[in-house]
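Asker:
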Amino acid sequence: MTVEIIPSILSADFANLERDVRAVMDAGIKKIQVDVMDGRFVPNISVGLPVVRSLKAQTDAVLDVHLMIVEPERWIEQFAEAGADVITVHAEATVHLHRALTQIRALGLRAGAAINPATPAGVLSEVLPLLDLAVVMSVDPGFGGQRFIEAVLPKISHLASALNAVGNGGVVQVDGGIDVNTIGRAVAAGAKECVAGSSVFSLGDSIAHAIKALQEAVH
Ligand code: DX5
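For the sequence shown, position 150 (counting from the first letter as 1) is numbered 149 according to numbering that gives the first Met the number 0, and the numbering increases by one without interruption.
1. Distance check for M136 and S197, CA to CA, integer angstroms please.
2. With distances taken between CB atoms, is the gap from I31 to P6 smaller than 9 Å?
3. Are the beta-carbon atoms belonging to S156 and A188 less than 9 Å from one another?
4. Using a Cβ distance threshold of 8 Å, determine whether the stretch 33-48 contacts the stretch 7-17, with at least three qualifying pairs required.
5. In its own chain, which residues sit with a C-beta less than 6 Å from the C-beta of A90, not counting the 5 before and 5 after it?
6. Rounded to a whole number of angstroms, what is the C-alpha to C-alpha distance between E80 and D37?
7. Please report the Cβ distance between F147 and G175, rounded to the nearest whole angstrom; I am assuming they are in contact, meaning their Cβ atoms lie under 8 Å.
8. Classify P6 as helix, strand or coil using the three-state DSSP reduction.
9. Can you name, in chain order, every residue of its own chain whose Cβ lies under 7 Å from the Cβ of Q77, other than the five neighbours on each side?
10. Rounded to a whole number of angstroms, what is the C-alpha to C-alpha distance between G27 and Q57?
11. Sort A209, I206, L162 and H218 by Cα distance to L129 and report the nearest one.
12. What does DSSP give as the partner residues of K30 in its beta bridges?
13. Among residues of its own chain, excluding the 5 on either side of G183, which ones have a beta-carbon nearer than 7 Å to its beta-carbon?
14. Any chance the CB of V186 is under 8 Å from a heavy atom of ligand 1?
15. By the DSSP assignment, the alpha helix (DSSP H) with H208 in it spans what residues?
16. Around the C-beta of K191, are 16 or more other C-beta atoms found within 10 angstroms, so that it is buried, or is it exposed?
17. Could you pull out every unbroken beta strand (DSSP E) segment of at least 3 residues lying fully inside the stretch 162-206, listed in chain order?
18. Just grab the DSSP bridge partners of G111 for me.
Written as structure tokens, this is what we have:
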């Protein structure tokens with residue numbers, strides 16, 4: 000299975016979002032991540048349903064929606080209707096993780112569960128069969144441009160092995176601080192999807208060059 004680089008629009012130019020998403024797609028990337036933040040689960044507020052609707056209407060991008068919000072189960076249906084293709088909820092943000100993941104899958108979307116750097120992998124052990132994605136946060140969520148937390152590498156490996164043992168096709172996605180210096184170690188540890196925000200949109204380099212550099216750094 001090849002490694003997928005998923006640009007996170009958190010670091011894109013929101014005054015020119017369609018332009019930036021088109022540049023990502025022109026570089027051959029089909030999936031983008033939309034980071035939804037509520038100012039409660041994380042100390043930041045970002046975007047919500049209108050941006051998902053606009054991206055679905057204006058682009059062919061596959062939309063991976065990362066809900067960094069409390070009580071995400073209250074919003075799953077609306078984000079699905081808005082055009083999400085993948086929805087990830089945080090294990091720390093809901094009392095009913097099993098129900099939330101079941102709901103996402105029942106809507107025909109891919110389901111992800113994310114865990115923060117301080118959260119042990121075992122939190123996901125009972126829901127592994129429901130996961131298309133186990134999202135290992137390699138930064139404390141809320142902001143782009145943070146430093147990769149090396150201590151999560153064993154967690155990536157543990158979850159990659161656990162998902163392989165379940166055999167439902169679930170993979171590990173790593174999110175946070177992914178750049179040309181860290182992507183190789185994350186992939187070597189077992190990540191199959193790598194979310195990259197600032198290393199795609201904020202380097203001052205062209206988006207195409209930034210993506211190519213990440214693709215080359217995987218190996
Ligand atoms: C939570 C967000 C970020 C973003 C990636 O903070 O989920 O991790 O997607 O941002 P970078 O790649 O700039 O760390």
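Note that the Cβ used here is the ideal one computed from N, Cα and C, for glycine as well.
Answerer: Well, looking at it:
1. Our two residues, S197 and M136, have alpha carbons roughly 15 Å apart in a direct line.
2. In contact: I31 and P6 (Cβ atoms closer than 9 Å).
3. Less than 9 Å separates the beta-carbon of S156 from that of A188.
4. With contact defined as three or more Cβ pairs closer than 8 Å, the stretch 33-48 and the stretch 7-17 are in contact.
5. For A90, the CB contacts under 6 Å within the same chain, skipping 5 residues up- and downstream, are L96, A112, I114 and V122 in chain order.
6. Cα-Cα distance, rounded: 19 Å.
7. Cβ atoms of F147 and G175 come within 8 Å of each other, at about 7 Å.
8. Three-state result, P6: strand.
9. Excluding positions up to five away in sequence, the list reads L48.
10. In a straight line, the C-alpha of G27 is about 17 Å away from that of Q57.
11. Comparing alpha-carbon positions, the option among A209, I206, L162 and H218 lying closest to L129 turns out to be L162.
12. Assignment of beta-bridge partners to K30 by DSSP yields V61.
13. For G183, the CB contacts under 7 Å within the same chain, skipping 5 residues up- and downstream, are A216 and V217 in chain order.
14. No, the beta carbon of V186 sits no closer than 8 Å to any heavy atom of ligand 1.
15. Looking at the DSSP string, the run of the alpha helix (DSSP H) that includes H208 is I206 to V217.
16. Classification of K191: buried, given that the 10 Å Cβ count is 16 or more.
17. List check, beta strand (DSSP E) in window: 170-174 and 192-195.
18. T87 and L132, per the DSSP bridge assignment.
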